[in-house]
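Engineer: One rule links them: number in our numbering = place in the sequence shown (from 1) + 338. The beta carbon of each residue, even a glycine, is placed where N, CA and C say it ideally should be. Bear in mind the structure is a predicted one, so any value in this text is a computation, not a measurement.
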Amino acid sequence: MSNFVQPLNPVVTQMAADKLLDFQLQVRDIPNLVRLTFGEPGFAVDERIKQALYAAVEGDRSHYAESQGELALRKAAVAYFNQHANLAYENEDNVIVTLGVTEAINVVFQTLLSAGDGILVPEPAYGPYFMSIDLARGKRVGVDTTADGFKLTPAAVEKALTQADVPVKAILMNYPNNPTGVTYTRDELQALAEVFEKHNIWVISDEIYSTLTYDYEHVSLAELLPRQTVMINGLSKSHAMTGYRIGFILGDKAVIDEMQKVHGAWDFAIPTFIQDAATVALTEVTEAPGEMRDAYRARRDRTVPQLLAAGFDVVNPAGAFYLFAKIPVDLGSDGDAFAMDLATNGGVAVIPGSGFAESAAAYIRISYAADDADLDEGVARLVKRVAELRAEGVRFD
Ligand code: PLP
Numbered sequence: 339m340s341n342f343v344q345p346l347n348p349v350v351t352q353m354a355a356d357k358l359l360d361f362q363l364q365v366r367d368i369p370n371l372v373r374l375t376f377g378e379p380g381f382a383v384d385e386r387i388k389q390a391l392y393a394a395v396e397g398d399r400s401h402y403a404e405s406q407g408e409l410a411l412r413k414a415a416v417a418y419f420n421q422h423a424n425l426a427y428e429n430e431d432n433v434i435v436t437l438g439v440t441e442a443i444n445v446v447f448q449t450l451l452s453a454g455d456g457i458l459v460p461e462p463a464y465g466p467y468f469m470s471i472d473l474a475r476g477k478r479v480g481v482d483t484t485a486d487g488f489k490l491t492p493a494a495v496e497k498a499l500t501q502a503d504v505p506v507k508a509i510l511m512n513y514p515n516n517p518t519g520v521t522y523t524r525d526e527l528q529a530l531a532e533v534f535e536k537h538n539i540w541v542i543s544d545e546i547y548s549t550l551t552y553d554y555e556h557v558s559l560a561e562l563l564p565r566q567t568v569m570i571n572g573l574s575k576s577h578a579m580t581g582y583r584i585g586f587i588l589g590d591k592a593v594i595d596e597m598q599k600v601h602g603a604w605d606f607a608i609p610t611f612i613q614d615a616a617t618v619a620l621t622e623v624t625e626a627p628g629e630m631r632d633a634y635r636a637r638r639d640r641t642v643p644q645l646l647a648a649g650f651d652v653v654n655p656a657g658a659f660y661l662f663a664k665i666p667v668d669l670g671s672d673g674d675a676f677a678m679d680l681a682t683n684g685g686v687a688v689i690p691g692s693g694f695a696e697s698a699a700a701y702i703r704i705s706y707a708a709d710d711a712d713l714d715e716g717v718a719r720l721v722k723r724v725a726e727l728r729a730e731g732v733r734f735d
């Protein structure tokens, strides 16, 4: 028997696994479960995008793409985001095409953070960020937004910067937000931008849900602080293309050139035929994001009242497709146990809030990206289970 022993990288072995994926695994084999878990749009990809993909494969677009991204797609991305978010990027040198926003996040962290650098993260936050910060050897400085209706305020930023025990180099913004659905008005962003500017910190802005704002227009931090902001976006949510894995990093050419080194080292390039399909998404399939937004808005509008009536505390989400709900007080405050009960005894899976922030342990996240029938059935089961638990006098504490 071999006695080979060689320890693995402690940054990886000590890293907590992503709770979202963990929970999905725990409930994977439960039969007949309605899953309101993943942010997976219940829409098919537009036919024009599929045809572009088939044509690219037929046309032998099977070779290495340009590492930073095919020229046509980079031009399309700059034109699209300039128009969509009122930005002023000059040309294709301002963008890198990445393997989804997931790669974009990692490339940005690896480029901007040195080991030990602090990064402010308004919480609750998308769980996988935490692992990416660990991998970049950064130090997460959480800013709890629970008491402010999940909105980051300038005062909270000032306080976090004063109290941080590491030098803070950047802030990670994500709005419309996963998991809360909260987003910001122009005035709110302007006030935050002033603080970021004053403290001279990088702004990493994950705006993957920017086409999904229901009550007011999306304003990008890249419009307000163009030099200081690295904007991340992608096609997973806007065009329901999660499996195509297309993301973009947009920023000043000087920082993009540095990030391109990291992207090149990791992926070399994104599949050519997928980039061709993505180009069609951005240039031709321009009405789909708005149509999907209207459908999600209708889902939100009919789901929120049902949750309120069942005793959940919900901030009405102005964007994205998640409801972040505090479990009814008479049922206790342990969202993990409640979510497990729902999956095991109620036939519906939602994500426990603790995966997004320690302070959100009494919450669950419900995704309304699923199709209409699944959403309605899932919410009906949730409401029914709450009534059963009440009748049985069960609490989760
Ligand atoms: N960022 C946020 C805030 C998300 O919610 C998600 C997916 O749910 C991602 C990034 C990952 O995006 P992609 O599919 O482009 O990798």
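(1) Run through the DSSP bridge pairs and tell me what Lys664 is partnered with.
(2) Counting C-beta neighbours from all protein chains within 10 Å, is the total for Arg319 16 or more, i.e. buried, or is it exposed?
(3) Between the beta-carbon of Arg565 and the beta-carbon of Gly438, is there less than 7 Å?
(4) Which same chain residues end up closer than 8 Å to Val504 when comparing Cβ atoms and leaving out the 5 residues on each side of it in sequence?
(5) When you compare each of Leu713, Ala677, Arg719 and Ala711 to Phe361 by their alpha carbons, which one comes out closest?
(6) Return the first residue and the last residue of the alpha helix (DSSP H) that Thr567 is part of.
(7) Have a look at Glu461 and Arg399 and give me their C-alpha separation to the nearest angstrom.
(8) Do the CB positions of Ala650 and Pro627 come within less than 7 Å of each other?
(9) Leaving out five residues before and five after Thr617 in sequence, what residues of the same chain have Cβ atoms less than 6 Å from its Cβ?
(10) Starting from Pro348 and walking both ways along the alpha helix (DSSP H), at which residues does that stretch end?
(11) Would you kindly work out how many angstroms separate the C-alpha atoms of Lys575 and Phe342, rounded to a whole number?
(12) Since Ala508 is in the beta strand (DSSP E), which residue starts that stretch and which ends it?
(13) Please return the same chain residues whose Cβ sits closer than 7 Å to the Cβ of Gly376, not counting the five positions on each side in sequence.
(14) Which ranges would you report for the alpha helix (DSSP H) in the segment 458-523 if only whole runs of at least 4 residues count?
(15) By the DSSP assignment, the alpha helix (DSSP H) with Thr281 in it spans what residues?
(16) Report the three-state DSSP secondary structure of Thr551 (helix, strand or coil).
(17) Along the alpha helix (DSSP H) that carries Leu411, what are the first and last residues, could you check?
(18) Under 7 Å, do Pro551 and Ala560 count as touching if we go by C-beta distance?
(19) Cβ of Val315 within 6 Å of any heavy atom in ligand 1?
(20) To the nearest angstrom, how far is it from the Cα of Val686 to the Cα of Val724?
(21) Just the C-alpha distance for His601 and Thr610, rounded to the nearest angstrom, thanks.
(22) Are there 16 or more other CB atoms within 10 angstroms of the CB of Phe534, so buried, or fewer, so exposed?
(23) Compute the Euclidean distance between the alpha carbons of Tyr701 and Asp672, then round it to the nearest angstrom.
(24) Looking at the secondary structure, which residues open and close the beta strand (DSSP E) in which Val343 lies?
(25) Inspect the beta-carbon positions of Asp482 and Ser697 and report whether they are closer than 7 Å.
(26) Using only the alpha-carbon positions, how far apart do Leu518 and Asn429 sit?
(27) Could you work out which residue in Gly397, Leu358, Glu404 and Gln364 is closest to Phe468 when comparing CA atoms only?
Structural biologist: Working from what's here:
(1) Bridge partners of Lys664: Asp651 and Tyr701.
(2) Lying before the first or after the last residue shown, residue 319 is absent from the chain, which here runs from 339 to 735.
(3) Taking 7 Å as the Cβ cut-off, Arg565 and Gly438 do not qualify as a contacting pair.
(4) Closer than 8 Å at the Cβ level, and outside the excluded window around Val504, lie Gly454, Asp455, Gly456, Lys477 and Val479.
(5) The shortest C-alpha to C-alpha distance from Phe361 to any of Leu713, Ala677, Arg719 and Ala711 is the one to Ala677.
(6) For Thr567, there is no enclosing alpha helix (DSSP H); the residue is part of the beta strand (DSSP E) that begins and ends at Thr567 to Gly572.
(7) Rounded to whole angstroms, Glu461 to Arg399 spans 42 Å at the Cα level.
(8) The sequence given here places Phe at residue 650; Ala does not occur at that position. No.
(9) Cβ neighbours of Thr617 beyond the five flanking positions: Ala410, Leu411 and Ala414.
(10) Segment Pro348 to Thr351, the alpha helix (DSSP H) holding Pro348.
(11) Between Lys575 and Phe342, the C-alpha separation is close to 45 Å.
(12) Ala508 -> beta strand (DSSP E) spans Val506 to Asn512.
(13) According to the sequence shown, residue 376 is Phe rather than Gly. Non-local C-beta neighbours of Phe376 in its own chain, meaning closer than 7 Å and more than five positions away in sequence, comprise Ser705, ordered along the chain.
(14) Fully enclosed alpha helix (DSSP H) runs of 4 or longer: 466-473 and 492-501.
(15) Residue 281 cannot be examined here, being either before or after the span of the chain that is shown, 339 to 735.
(16) Here Thr551 sits in strand by DSSP.
(17) Going by DSSP, Leu411 is part of the alpha helix (DSSP H) stretching over Leu409 to Ala423.
(18) Reading the sequence as shown, one finds Thr at residue 551 and not Pro. No. Outside cutoff.
(19) Outside the modelled stretch of the chain, which goes from 339 to 735, sits residue 315, for which no answer is possible.
(20) Val686 and Val724 have their C-alpha atoms roughly 12 Å apart.
(21) Approximately 16 Å, taken between the alpha carbons.
(22) Phe534 comes out buried.
(23) Straight-line Cα distance between these residues: approximately 8 Å.
(24) Here Val343 belongs to no beta strand (DSSP E), and DSSP marks it neither H nor E.
(25) Taking 7 Å as the Cβ cut-off, Asp482 and Ser697 qualify as a contacting pair.
(26) The question names Leu, yet the displayed sequence has Thr at residue 518. Between Thr518 and Asn429, the alpha-carbon positions lie close to 34 Å from each other.
(27) Ranking the options by Cα distance to Phe468, first place goes to Leu358.
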